[in-house]
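Heads up: the structure comes next, in structure tokens.
Protein chains: 2
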Amino acid sequence: DNPSVTAVAMAKNIAKIGLVGVPDAPGVAAHLFSRLSARSIDVDLVIQSLSHEKLNDIAFTVSTEDLLQAERIAREALVELKGQGLVVDQMVAKIAAVGSGMLGRPGVAARFFQALAEADVNIQMIGTSEIKISCIVSRQDAERALGALHQAFGLAAVHSDE
Amino acid sequence: DNPSVTAVAMAKNIAKIGLVGVPDAPGVAAHLFSRLSARSIDVDLVIQSLSHEKLNDIAFTVSTEDLLQAERIAREALVELKGQGLVVDQMVAKIAAVGSGMLGRPGVAARFFQALAEADVNIQMIGTSEIKISCIVSRQDAERALGALHQAFGLAAVHSDE
Ligand SMILES: C[C@@H](O)[C@H](N)C(=O)O
Ligand SMILES: C[C@@H](O)[C@H](N)C(=O)O
């Protein structure tokens with residue numbers, strides 16, 4: 050019924066890490082992700098929004114297997130960058146909708162967010178591209194969120210715990 | 050030389066709008082994007098990172114042609130949502146790298162950010178997916194950023210002012 054979205058997927062085997070209050074200056078993101086890459090930590094989402102007073106947060110997700118090591122690296126990077134704090138949350142899941150038909154159809158994102166709202170799911174983070182809407186929700190909301198999107202877009206859901 | 054990234058693109062005909070300090074509660078993102086969609090405003094990136102003290106920022110990009118109308122709608126939504134403030138910036142550009150080979154190769158994001166750092170480009174916002182790294186930079190840094198990524202990944206750049 051709505052060809053703009055062709056699949057909805059969920060990944061629960063993930064964790065969120067956020068560096069809070071790092072300097073909003075060239076080289077900061079590079080520093081963090083070079084450190085992670087040097088230890089072969091695979092990062093899925095990287096999300097950074099508006100800066101405030103020359104500081105910003107940089108959030109990213111990793112698999113739960115990598116969390117321990119990723120957190121250690123993130124903490125070292127935080128100190129090196131003189132950031133303010135670290136956020137770590139394992140109780141998260143990624144919910145994503147994909148579809149080549151999204152492009153130029155503003156109603157799709159609205160419908161995605163509305164479905165989650167009606168299921169009383171709080172959206173912790175959002176990252177989109179022209180053909181994909183990804184968001185992070187609490188792990189306890191994940192199944193409910195997936196079902197709501199399934200219904201909103203008339204699709205079969207895909208579990209990808211990887 | 051690096052098959053993980055197959056293209057680097059830039060879009061300059063865009064503007065950034067951010068709602069600052071809106072409640073981090075179900076329905077907030079839905080409210081904003083329903084308002085935008087109702088007036089057929091096409092949104093490209095939507096980026097939302099960590100919340101703080103039950104508030105969050107929601108940032109998004111639109112084409113410069115839509116900026117005037119999008120800003121009006123965003124302001125109305127901000128009042129309805131009892132948010133703290135609005136950020137609007139026309140002097141931005143989107144720089145993106147795409148490549149199916151990025152998946153599972155943490156060094157790609159590191160290299161992307163390092164290239165921008167070495168070109169002294171400040172990264173304002175970041176949103177990634179498994180096959181795409183998108184970031185927002187100042188419009189005056191856009192060409193330099195594109196050139197740096199071109200060099201880092203050994204690729205021809207694509208202008209897409211749409
Ligand atoms: C915060 C971080 O992204 C910084 N602006 C940088 O360019 O690296
Ligand atoms: C901030 C906004 O994303 C809110 N958390 C919502 O779910 O709508």
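Line order of the protein sequences matches chains A and B.
For the record, in the first sequence the residue sitting at position 157 is 206 according to my numbering, with numbers rising by one throughout.
For the record, in the second sequence the residue sitting at position 71 is 120 according to my numbering, with numbers rising by one throughout.
We put the CB at the ideal spot given by N, CA and C, even for glycine.
Contacts that residue i makes with chain A (C-beta to C-beta distance below 9 Å)
{"i": "I96 (chain B)", "result": "I96, Q97, S98, L99, M174, I175, G176 and T177"}
{"i": "G67 (chain B)", "result": "S98 and L99"}
Any non-hydrogen atom of ligand 2 closer than 7 Å to residue i Cβ
{"i": "Q97 (chain B)", "result": "yes"}
{"i": "A79 (chain B)", "result": "yes"}
{"i": "G76 (chain B)", "result": "yes"}
{"i": "A166 (chain A)", "result": "yes"}
Cβ neighbours of residue i in the same chain (closer than 8 Å, five flanking residues each side left out)
{"i": "D91 (chain A)", "result": "V111, S112 and D115"}
{"i": "A158 (chain B)", "result": "M151, T177 and I182"}
{"i": "I172 (chain A)", "result": "F162, L165, C184, I185 and V186"}
{"i": "E211 (chain A)", "result": "Unreliable positioning characterises E211 (chain A) in this predicted model, as indicated by a pLDDT of 46, which lies under 50. A coordinate reading is not provided."}
{"i": "A197 (chain B)", "result": "A164, L165, E167, A168 and V170"}
{"i": "Q189 (chain B)", "result": "M140"}
{"i": "K103 (chain A)", "result": "P72, D73 and A74"}
Neighbourhood of residue i by C-beta distance below 7 Å, restricted to the same chain and skipping five residues each side
{"i": "L152 (chain B)", "result": "E179 and I180"}
{"i": "N51 (chain B)", "result": "Unreliable placement is indicated for N51 (chain B), whose pLDDT of 49 sits below 50; the coordinate value is still reported in the next sentence. Cβ within range, chain order: F202 and G203."}
{"i": "A194 (chain A)", "result": "I144, L165, A168, V170 and V186"}
{"i": "Q139 (chain B)", "result": "A64, T113 and L116"}
{"i": "A119 (chain A)", "result": "I66, L85, I90 and V111"}
{"i": "S53 (chain A)", "result": "G148, G150, M151, R154 and V157"}
{"i": "R124 (chain A)", "result": "L135"}
{"i": "I122 (chain A)", "result": "R84, L85, R88 and I90"}
Closer than 7 Å at the beta carbon, the chain A residues around residue i
{"i": "I122 (chain B)", "result": "None at all; the shortest Cβ gap to chain A is about 11 Å."}
{"i": "K181 (chain B)", "result": "S178"}
{"i": "Q163 (chain B)", "result": "A79 and S83"}
Residue i: CB within 7 Å of a non-hydrogen atom of ligand 4
{"i": "D73 (chain A)", "result": "This structure lacks ligand 4; the ligands present are ligand 1 and ligand 2."}
Rounded distance between the beta-carbons of residue j and residue i, thought under 8 Å
{"i": "L99 (chain B)", "j": "V69 (chain A)", "result": "7 Å"}
{"i": "I63 (chain B)", "j": "V141 (chain B)", "result": "6 Å"}
{"i": "A109 (chain B)", "j": "I66 (chain B)", "result": "First, the amino acid is wrong: residue 109 (chain B) is Phe here, not Ala. About 6 Å; that satisfies the 8 Å criterion."}
{"i": "V71 (chain B)", "j": "L117 (chain B)", "result": "Between L117 (chain B) and V71 (chain B) the Cβ distance is about 22 Å, and since that is not below 8 Å, they are no contact."}
{"i": "A146 (chain B)", "j": "V57 (chain B)", "result": "5 Å"}
Residue i CB to nearest heavy atom of ligand 1 below 7 Å
{"i": "N105 (chain A)", "result": "yes"}
{"i": "I172 (chain B)", "result": "yes"}
Chain B contact residues for residue i, given Cβ-Cβ distances below 9 Å
{"i": "S86 (chain A)", "result": "R154, P155, G156, V157, A158, A159 and R160"}
Within chain B, the residues that residue i reaches when beta carbons sit closer than 8 Å
{"i": "I90 (chain A)", "result": "P155"}
{"i": "A108 (chain A)", "result": "S98 and L99"}
{"i": "N171 (chain A)", "result": "D73, A74 and P75"}
Residues of its chain near residue i, where Cβ-Cβ distance is below 6 Å and the 5 sequence neighbours each way are ignored
{"i": "D106 (chain A)", "result": "G67 and V69"}
{"i": "S89 (chain A)", "result": "none"}
{"i": "L127 (chain A)", "result": "L68 and L135"}
{"i": "R160 (chain B)", "result": "A201"}
{"i": "D93 (chain A)", "result": "T110"}
Partners in chain A for residue i, counting only beta-carbon separations shorter than 8 Å
{"i": "V213 (chain B)", "result": "Chain B is shown from 50 up to 211; residue 213 (chain B) falls before or after that span and cannot be answered."}
Contacts that residue i makes with chain B (C-beta to C-beta distance below 7 Å)
{"i": "A166 (chain A)", "result": "P75, G76 and A79"}
> Taking a cut of 9 Å between CB atoms, which residues from the region 72–84 of chain B lie near chain A?
Replying inline: D73, A74, P75, G76, V77, A78, A79, H80, L81, F82, S83 and R84
>> Residues of the region 183–196 of chain A in Cβ contact with chain B at a cutoff of 7 Å, in chain order, please.
In response: Of all residues in the region 183–196 of chain A, S183 have a Cβ within less than 7 Å of some Cβ in chain B.
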